[in-house]
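Before any comments, here is the structure.
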Amino acid sequence: MDPSEYNIIDLVPQRPPMVMIDQLTYADEKSARGRLNIKESNLFSDNGKLQEAGLVEFIAQTAAAYTGYLSISNNQEVKKGFIGSIKNLVIHSLPDINTKIQSEVVIDTELLGFTIITGRVFQNDKVLAECEMRILLEGSR
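Numbering-wise (the working numbering), the sequence shown opens with residue 1 and increments by one.
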């Protein structure tokens, strides 16, 4: 099944109001993309913008949705993930509320129970944020 056909709540362990991804739009063997419509009610919205923590959480939840999609596709349980570290975080700009943003995560390495990803957030082909993130899945160590 195409990842966009799943209800996002089935793919991520987070629950409202902490869900920071609306849809997983694409997934292949090493990457995924997501979409978020930024609402004023978003926990990380302030002064008409989605704040830095919201951009980082969007990247993390895109990785979580990707992992959930792979798990469900293999008839496995969706696991919780934990951010182990964030490196080389660059925030280029903050998006306005009532706009849409897209994410992309690429799996770089899986090592010692950690998954290392490169994540980016885009709006209209403009990079808003980017980082490297180490994620530990529950029960993988």
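Think of the CB as a built atom: it goes at the ideal place given N, C-alpha and C, for glycine as much as any other residue.
Note that the structure is predicted; figures quoted are calculated from it, not measured.
At the level of alpha carbons, what is the spacing between residue i and residue j?
| i | j | result |
| --- | --- | --- |
| Glu77 | Pro3 | 16 Å |
| Phe122 | Leu112 | 30 Å |
| Tyr26 | Phe58 | 15 Å |
| Glu29 | Leu11 | 17 Å |
| Leu43 | Lys87 | 23 Å |
| Val127 | Gln102 | 10 Å |
| Leu24 | Ser93 | 23 Å |
| Val50 | Pro13 | Looking at the sequence shown, residue 50 is not Val but Leu. So the alpha carbons of these two residues sit roughly 22 Å apart. |
| Met18 | Glu52 | 15 Å |
| Ile91 | Glu104 | 15 Å |
| Gly34 | Pro95 | 16 Å |
| Glu130 | Asn75 | 32 Å |
| Val56 | Asp22 | 15 Å |
| Ile72 | Ile9 | 12 Å |
| Tyr6 | Pro16 | 17 Å |
If the criterion is Cβ atoms closer than 8 Å, does the pair residue i and residue j meet it?
| i | j | result |
| --- | --- | --- |
| Glu40 | Ile97 | yes |
| Met1 | Gln61 | no |
| Met133 | Ala64 | no |
| Ser31 | Val106 | yes |
| Asp125 | Thr118 | no |
Would you identify the three-state DSSP class for residue i, choosing helix, strand or coil?
| i | result |
| --- | --- |
| Tyr6 | coil |
| Ser85 | strand |
| Phe58 | helix |
| Glu104 | strand |
| Ser71 | helix |
| Glu52 | helix |
| Leu11 | helix |
Buried or exposed for residue i, going by 16 or more other Cβ atoms inside 10 Å?
| i | result |
| --- | --- |
| Thr67 | buried |
| Arg120 | buried |
| Gly54 | buried |
Pair every Cβ in the region 68-87 with every Cβ in the region 33-50, then say whether three or more of these pairs are closer than 8 Å.
The region 68-87 is not in contact with the region 33-50.
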